[in-house]
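Same order as they appear, the protein sequences are chains A and B. Take 1 as the starting number for the first sequence in my numbering and just add one per residue. Take 1001 as the starting number for the second sequence in my numbering and just add one per residue. Input: a single structure, listed below in structure tokens.
Number of protein chains: 2
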Amino acid sequence: MKTLIIISHPEILDSATQSFLKATQKSFDNVTWHSLEVDYDNDLNKLDIEYEKQLLKENDRIIFQFPLYWYSAPASLKKWQDEVLTRTFTYKEDEGLLKGKELGIVTSIGNSLDHFQAGGFENFSLSEILIPYQALAKRAGMMFMKPLIIDQFIYMNEETKYNLYISYQKYISTKQDMNFTEKTNWLIDQLTNHYDLNNNDIIDQLKINKDDLDDLKMQINLMRQDEEG
Amino acid sequence: MKTLIIISHPEILDSATQSFLKATQKSFDNVTWHSLEVDYDNDLNKLDIEYEKQLLKENDRIIFQFPLYWYSAPASLKKWQDEVLTRTFTYKEDEGLLKGKELGIVTSIGNSLDHFQAGGFENFSLSEILIPYQALAKRAGMMFMKPLIIDQFIYMNEETKYNLYISYQKYISTKQDMNFTEKTNWLIDQLTNHYDLNNNDIIDQLKINKDDLDDLKMQINLMRQDEEG
């Protein structure tokens, strides 16, 4: 699976969240980072529509990554949508070329996620606020992924940041709805190959847990066969 | 009441809907039409933020008028939002200057309105799709007006267009939730002052209806007084 991350952030070079997410970049060969502001030098009038379409064609998972500005993406991503996602390229019923791909959203909010609900300070949920993207996915015949919301990054402690790091890596690189064994294998692989942690206690423990679980599964299967036989 | 209409439409000069709406312009002294693309010569990098803020301060009803592109306004209006609506200018809790004003939306869609519901071709209602604007109104302490949706303008017959014309005039110029007498007075005033229809049958009929209703109201009031006395 190949992933394209389209980043829209007018102040990307000053963003702690974006720097943090970008640090994952070294771990993946099949992920393309594409920052609209950086790659077009803050002038979206230079947008190369054919190049953008080519990028979309070459990837299976498309992720929009942005800070939430007035309850949607910054203007640069909207300009990208308005100009790149032409009718014949996009509409499912016109044999658009995005059909069957996945659309993910990674968005950061300055407020607590808790504010985003009926009666809360913001009164609307992120599921409601992001409906225009879900509607776009539907129109294009794409699978809409559960958005990854990053709230109040600047107040996160190390443990929360570590969890975010793992969640983000999974979001951009693994298939959706992995089962437990797949998740464990993925985690062992990530820790082994990208963190030089071969002799680490965490990995050892994960491997032991996994072996125990595999044993249990095998025993359950044997018992079932006995019953059925 | 003073109204500011902020129009965002990348192809405004070719738009039949926008030309039609613009024809109302002559009828109003207290309405300002402000087309982002025309007034900034298609280059929103020239946005004059102080001028925009001044316009907002001077008006009581702010209307965003645009064709729905990917389930929200075109990129120009988003850029306007991102740059003009700064935190201290806008946030209710920071004593923003939009508090108490009204926010209206006039949007045109190419599809039938009937497609916009659960299970329909678009699967989401316009109420859901426009939530980001409702959330903005809430954050700014503005009253969110029921949006005026214009669907499939090019297929409208003359009568439907006439009704749209009246609805639009009311949307931009009258207070919300008028009672019947207020609506009738407004309609007589519009027809008399802006259409040279002084001897017209419609106006005569409206005036007769109104007099009949006034009589009925007075009689009901007298009966009530009798009962209470």
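Ideal Cβ positions, reconstructed from N, Cα and C, are used throughout, including at glycine. Since we're looking at a predicted model, the values are computed, not measured.
Asked                                                                                                                                         : Found
What does DSSP give as the partner residues of Glu-1102 of chain B in its beta bridges?                                                       : B:Arg-1061, B:Met-1143
Got a sec? Which residues, its chain only, sit under 7 Å from Gln-1176 of chain B by beta carbon, not counting five neighbours each side?     : Met-1145
Anyone know if the C-beta pair for Asp-1060 of chain B and Lys-1022 of chain B falls short of 8 Å?                                            : no
Please compile the residues from chain B whose C-beta is within a distance smaller than 7 Å of the C-beta of Ala-75 of chain A.               : Ala-1075, Lys-1078, Lys-1079, Asp-1082
Grab the span of the alpha helix (DSSP H) containing Trp-33 of chain A for me, first residue to last.                                         : Counting along the chain, Trp-33 of chain A falls outside any alpha helix (DSSP H), though it belongs to the beta strand (DSSP E) covering 31–35.
Could you check if Ala-75 of chain A is buried or exposed, using at least 16 other CB atoms within 10 Å of its CB as the buried criterion?    : buried
Can you give me the C-alpha to C-alpha distance between Tyr-1069 of chain B and Asp-82 of chain A, rounded to a whole angstrom?               : 7 Å
For the beta strand (DSSP E) containing Ile-1149 of chain B, list its first residue and its last residue.                                     : 1148–1151
For the region 101–125 of chain A, enumerate the residues whose C-beta is nearer than 7 Å to any C-beta of chain B, in chain order.           : Glu-122, Asn-123, Phe-124
Would the beta-carbon of Glu-58 of chain A fall within 8 Å of that of Val-84 of chain A?                                                      : no
How would you call Phe-1180 of chain B, buried or exposed, if buried means at least 16 neighbouring beta carbons within 10 angstroms?         : exposed
When you check each C-beta in the region 1131–1152 of chain B against every C-beta of chain A, which residues fall closer than 7 Å?           : Ile-1131, Pro-1132, Ala-1135, Leu-1136, Lys-1138
How is Pro-67 of chain A classed by DSSP in three states: helix, strand or coil?                                                              : strand
Alpha helix (DSSP H) containing Thr-1088 of chain B: first to last residue?                                                                   : 1087–1090
DSSP on Leu-1047 of chain B, reduced to helix/strand/coil?                                                                                    : coil
Can you tell me the Cα-Cα spacing of Leu-4 of chain A and Tyr-155 of chain A, whole angstroms?                                                : 28 Å
What are the start and end residues of the alpha helix (DSSP H) that includes Ile-1202 of chain B?                                            : 1201–1228
Please list, in chain order, the residues of the region 1043–1074 of chain B that have any C-beta partner in chain A closer than 7 Å.         : Tyr-1069, Trp-1070, Tyr-1071, Ser-1072, Pro-1074
Cβ atoms of Ile-1109 of chain B and Asp-1151 of chain B: under 8 Å apart, would you say?                                                      : yes
Around the C-beta of Thr-160 of chain A, are 16 or more other C-beta atoms found within 10 angstroms, so that it is buried, or is it exposed? : exposed
Do you know whose CA, among A:Asp-41, A:Gly-96, A:Val-106, lies nearest Ala-140 of chain A's CA?                                              : A:Gly-96
Report yes or no: is there a C-beta of chain B within less than 8 Å of the C-beta of Glu-227 of chain A?                                      : no
If you reduce the DSSP assignment to three classes, tell me which class Ser-1015 of chain B lands in.                                         : coil
By the 10 Å Cβ neighbour count, where 16 or more other Cβ atoms means buried, how is His-115 of chain A classified, buried or exposed?        : exposed
Can you tell me whether Thr-192 of chain A is helix, strand or coil according to DSSP?                                                        : helix
Check whether the Cβ atoms of Leu-1136 of chain B and Leu-1077 of chain B sit closer than 8 Å, and answer yes or no.                          : no
If we define contact as Cβ-Cβ less than 8 Å, is Leu-1206 of chain B a contact residue for chain A?                                            : no
Going by DSSP, name the residue or residues bridged to Ser-1108 of chain B.                                                                   : B:Pro-1067, B:Ile-1150
Which of the three DSSP states, helix, strand or coil, is assigned to Thr-1174 of chain B?                                                    : coil
DSSP three-state call for Ser-1008 of chain B: helix, strand or coil?                                                                         : coil
Going by beta-carbon coordinates alone, are Leu-272 of chain A and Ile-203 of chain A separated by less than 8 Å?                             : Outside the shown range of chain A (1 to 229) lies residue 272 of chain A, about which nothing can therefore be said.
Out of B:His-1034, B:Gln-1205, B:Asn-1185, B:Ile-1166, point me to the one whose CA is closest to Thr-1024 of chain B's CA.                   : B:Ile-1166
Please name the residue, chosen from A:Asn-111, A:Leu-56, A:Ile-129, that lies closest to Thr-90 of chain A on a Cα-to-Cα basis.              : A:Leu-56
Along the chain, where does the alpha helix (DSSP H) containing Ala-1075 of chain B start, and where does it finish?                          : 1075–1084
Going by DSSP in three states, Ser-1072 of chain B sits in which element: helix, strand or coil?                                              : strand
Out of curiosity, what's the CA-to-CA distance linking Pro-10 of chain A and Gly-104 of chain A?                                              : 20 Å
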